[in-house]
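Trainee: Residue numbers (UniProt numbering): 1 to 163.
Beta carbons are placed, not taken as given, at the ideal position from N, Cα and C, and that holds for glycine.
Below you will find the structure I want to go over with you.
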């Protein structure tokens with residue numbers, strides 16, 4: 001088994017990405033996911049990025065199963081904000097080309113823009129994605145998320161949402 005590692009350090013701008021994003025299929029896939037999640041999450045089919053039986057392990061260790069359930073969960077928690085702007089700090093890709101399995105580790109600050117111009121709340125976040133070959137007729141670039149673990153202060157996010 002041979003694992004390749006790609007590390008990209010920020011700050012990263014989704015509008016002007018470094019060359020690694022065009023040469024690494026996982027980074028290229030992630031850029032598409034980030035754009036769709038930022039501007040088209042209410043119109044993007046969940047199975048474009050998540051396997052139908054994907055698993056999300058939340059910060060409190062609760063588990064959400066299913067592409068639609070995960071996508072709706074994120075629409076619900078981030079829907080309280082005018083917009084969310086991610087300052088990408090670093091991205092690490094671990095790829096096993098033999099098995100076709102990839103681990104994507106994303107470290108970011110999510111700047112939660114409160115509605116009615118009430119300010120911005122920065123929330124440090126990290127996500128660990130297990131990505132592999134997509135289900136037939138689904139996915140993007142032949143890939144989907146099969147498991148996701150997220151790490152952030154959910155209390156800070158909930159407090160910001162209630163502001």
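In this structure, does DSSP put residue 46 in helix, strand or coil?
Mentor: Within the chain shown, residue 46 is the residue found at index 46, counting from 1. Reduced to three states, the DSSP call for residue 46 is helix.
Trainee: Taking the beta carbon of residue 62 as the centre, do at least 16 other beta carbons fall within 10 Å, making it buried, or is it exposed?
Mentor: In the chain shown, the residue the question calls residue 62 occupies position 62. Under this definition residue 62 is an exposed residue.
Trainee: Check this for me: beta carbons of residue 8 and residue 95, under 8 Å apart or not?
Mentor: Looking up residue 8 in the chain shown gives position 8. Looking up residue 95 in the chain shown gives position 95. Their beta carbons are not under 8 Å apart, which means residue 8 does not touch residue 95 by this criterion.
Trainee: Could you check whether the Cβ of residue 22 sits closer than 7 Å to any heavy atom belonging to the ligand SAM?
Mentor: As presented, the structure is devoid of all ligands, the ligand SAM included, so that no description of it is given.
Trainee: Indicate whether the contact test is met: 3 or more Cβ pairs, each with one atom in the stretch 139-152 and one in the stretch 43-56, closer than 8 Å.
Mentor: Contact holds: three or more Cβ-Cβ distances are below 8 Å.
Trainee: In whole angstroms, give me the CA-to-CA distance for residue 147 and residue 132.
Mentor: Taking the first residue of the chain shown as 1, we reach residue 147 at position 147. Taking the first residue of the chain shown as 1, we reach residue 132 at position 132. Looking at the two C-alpha atoms, the distance is approximately 10 Å.
Trainee: Taking only runs of the beta strand (DSSP E) that begin and end inside the stretch 5-89, which ones reach a length of at least 3 residues, in chain order?
Mentor: 50-57 and 63-65
Trainee: What residues match up with residue 126 in a beta bridge as DSSP calls it?
Mentor: Position 126 of the chain shown holds residue 126. Answer is 107 and 151, bridged to residue 126.
Trainee: Restricting to Cα atoms, I'd like to know which of 28, 101, 127 and 85 is closest to residue 11.
Mentor: Residue mapping note: residue 11 aligns to position 11 of the chain shown, counting from 1. The candidate whose alpha carbon is nearest that of residue 11 is 85.
Trainee: Mapping DSSP to helix, strand and coil, what is residue 118?
Mentor: Within the chain shown, numbered from 1, the residue matching residue 118 stands at position 118. Correct three-state label for residue 118: coil.
Trainee: Please report the distance separating the alpha-carbon of residue 98 from that of residue 41.
Mentor: For this step, residue 98 is matched to residue 98 along the chain shown. For this step, residue 41 is matched to residue 41 along the chain shown. Rounded to whole angstroms, residue 98 to residue 41 spans 32 Å at the Cα level.
Trainee: Distance check for residue 92 and residue 3, CA to CA, integer angstroms please.
Mentor: Residue mapping note: residue 3 aligns to position 3 of the chain shown, counting from 1. Residue mapping note: residue 92 aligns to position 92 of the chain shown, counting from 1. Cα-Cα distance, rounded: 12 Å.
Trainee: Are residue 123 and residue 112 touching if we call contact CB-CB under 8 Å?
Mentor: Position 123 of the chain shown, counted from the first residue, corresponds to residue 123. Position 112 of the chain shown, counted from the first residue, corresponds to residue 112. The answer is yes: Cβ separation under 8 Å.
Trainee: Which one or two residues does DSSP pair with residue 165 in a beta bridge?
Mentor: Because the chain is modelled from 1 through 163, residue 165 falls outside the range shown and cannot be assessed.
Trainee: Residue 39 and residue 102: beta carbons closer than 8 Å?
Mentor: Residue 39 sits at position 39 when you count from the first residue of the chain shown. Residue 102 sits at position 102 when you count from the first residue of the chain shown. No. Outside cutoff.
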